[in-house]
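Structure first, then comments.
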Amino acid sequence: MTAAVAVFPGTNCEHDMVYALGLVGVESELVWHRETDLSRFDSIVLPGGFAHGDYLRVGAVARFSPIMTEVRRMADDGLPVIGICNGFQILCEAGLLPGALIANRDLAFICREVEVEVTDTNSVLTSGAELGQRLRIPLNSFDGNWVDPSGTGRVVMQYVDDPNGSQGRAAAVANEAGNVVGIMPHPERAMEELLGSADGRVLLGAMAG
């Protein structure tokens, strides 16, 4: 498995992502947002940060970056497409996942470890987990409150305790095929027990098969 790790102006979790993927055996490469050919990769990850400074709306400018044409092609081809935090926001803005991410219920930035429960194992991010399995993963966001007026989103992970008001306590959402997943907590920051939790390996390890 090879993964492109997209880098937009303002992305700040790309190196964490490359390191984390390496721990689960996925070769990865940083790819600038102006890239228009990702045919050499088997998957793509849109990592966290503040793409284009989160101007207008979170992810609203990034959705127009040249790389997003390739992201859409990969999604349509059934390849794994993962968006983490800001990446989740971008996938929603691009219409690759339903709904949108708005300000947290309490209008405060959340920076702490949360517990999530796997509610659907039919996705590229949760296929290595057991149904009902609980994982401890850091959450770091202000606009992490997922809303889906269409009611079409498929929640694959839920917060055990609702930290931000997300509809259905959604922590991660997948498309119908399960190859596109957005997750608000950061699995790449939960890769080593020495740092608090290695539960992120359960999720990112699924990408490696």
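18 is the number of the first residue of the sequence shown in our numbering; add one for each residue after it.
Note that CB positions come from ideal geometry on N, CA and C, so glycine has one too.
Among the options, nearest to residue i - alpha-carbon criterion
i: residue 160; options: 85, 34, 109; result: 109
i: residue 51; options: 183, 26, 135; result: 26
i: residue 124; options: 92, 75, 162; result: 162
i: residue 49; options: 189, 214, 88; result: 88
i: residue 74; options: 119, 115, 90; result: 119
i: residue 105; options: 96, 85, 76; result: 76
i: residue 112; options: 198, 150, 184; result: 198
i: residue 144; options: 34, 217, 20; result: 217
i: residue 303; options: 42, 61, 18, 57; result: Residue 303 is absent from the model: the chain starts at 18 and stops at 226.
i: residue 85; options: 116, 184, 53; result: 53
Those residues which DSSP pairs with residue i across a bridge
i: residue 101; result: 200
i: residue 158; result: 127
i: residue 212; result: Paired residue(s): none; residue 212 is not in a bridge.
i: residue 24; result: 49
i: residue 60; result: 20
i: residue 133; result: 152, 176
i: residue 43; result: DSSP output for residue 43 lists no bridge partner at all.
i: residue 164; result: 117
Length of the line joining the Cα atoms of residue i and residue j
i: residue 174; j: residue 55; result: 28 Å
i: residue 194; j: residue 99; result: 13 Å
i: residue 181; j: residue 29; result: 22 Å
i: residue 209; j: residue 215; result: 4 Å
i: residue 94; j: residue 31; result: 24 Å
i: residue 171; j: residue 127; result: 24 Å
i: residue 102; j: residue 65; result: 5 Å
i: residue 190; j: residue 114; result: 8 Å
i: residue 149; j: residue 44; result: 29 Å
i: residue 135; j: residue 146; result: 7 Å
i: residue 196; j: residue 33; result: 22 Å
i: residue 178; j: residue 18; result: 34 Å
i: residue 22; j: residue 168; result: 30 Å
i: residue 47; j: residue 207; result: 20 Å
i: residue 237; j: residue 92; result: As shown, the chain starts at 18 and ends at 226. That puts residue 237 outside it, with no answer to give.
i: residue 151; j: residue 219; result: 11 Å
i: residue 230; j: residue 212; result: Nothing about residue 230 can be read from this structure; the chain reaches only from 18 to 226.
Three-state secondary structure assigned by DSSP to residue i
i: residue 66; result: strand
i: residue 221; result: helix
i: residue 35; result: helix
i: residue 205; result: helix
i: residue 174; result: strand
i: residue 193; result: coil
i: residue 88; result: helix
i: residue 147; result: coil
i: residue 153; result: strand
i: residue 111; result: coil
i: residue 187; result: strand
i: residue 77; result: coil
i: residue 118; result: strand
Any non-hydrogen atom of the ligand PLP within 7 Å of residue i CB
i: residue 203; result: With respect to small molecules bound, the structure shown includes none, and the ligand PLP cannot be examined in it.
Are there three or more Cβ pairs, one per stretch, closer than 8 Å when the segment 122 to 140 is compared with the segment 78 to 88? no
Below 8 Å, how does it come out for the segment 66 to 76 and the segment 36 to 47: are there three or more Cβ pairs, yes or no? no
Touching by the beta-carbon criterion (3+ pairs, under 8 Å), the segment 141 to 160 and the segment 198 to 206: yes
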